[in-house]
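Q:
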Amino acid sequence: MKRTLAIATLAACCAAQAQVTPPEVAVQQKQEIKRGDPARWTREDRTPAQQMATLRKEINAALAEARAECKQLAQQERADCMKEAQATYAADIGNMRQQIANANHPQQGAYDTSGQ
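Read in order, the letters of the sequence shown are residues -16 to 99 in the working numbering.
(1) Looking only at its chain, what residues have a beta carbon closer than 8 angstroms to the beta carbon of ALA45, apart from the 5 residues adjacent to it on each side?
(2) How should GLN34 be labelled, buried or exposed, when 16 other C-beta atoms within 10 angstroms of its C-beta is the threshold for buried?
(3) Exposed or buried, what is ALA68 when buried is set at 16 or more other beta-carbons lying within 10 Å of its beta-carbon?
(4) Identify whether GLY19 lies in helix, strand or coil by the three-state DSSP scheme.
(5) Between LEU38 and GLN81, is the Cβ-Cβ spacing less than 8 angstroms?
(6) In this structure, does DSSP put PRO31 in helix, strand or coil?
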């Protein structure tokens, strides 16, 4: 009896934690999927200002992801992780122009796979 009650309680707990998409959102998602990707997703950034704006969004998103990962760590590791995430963000923001220049004019025969 106790075992059955424990299993039922566990199942109810897990069901309560499951993410459920509201029906109206599910309908909207299906409609968007039918239309395909928005044109803006495949249009290239042609001007330096557009490239800078996109790169800034990507750097900000990377910082947000890093912070979210840091928050999952133990308290002792969290502060160092946050400092490292902020330092990476500052370095990326600091060399945005160089990143764009490198992307627009890659060196012939040189492939950088270090991520630096």
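Beta carbons: idealized from backbone N, C-alpha and C, even for Gly.
From a predicted model like this one, the values you see are computed outputs, not experimental measurements.
A: Once the coordinates are examined:
(1) THR71, TYR72 and ASP75
(2) buried
(3) buried
(4) coil
(5) no
(6) helix
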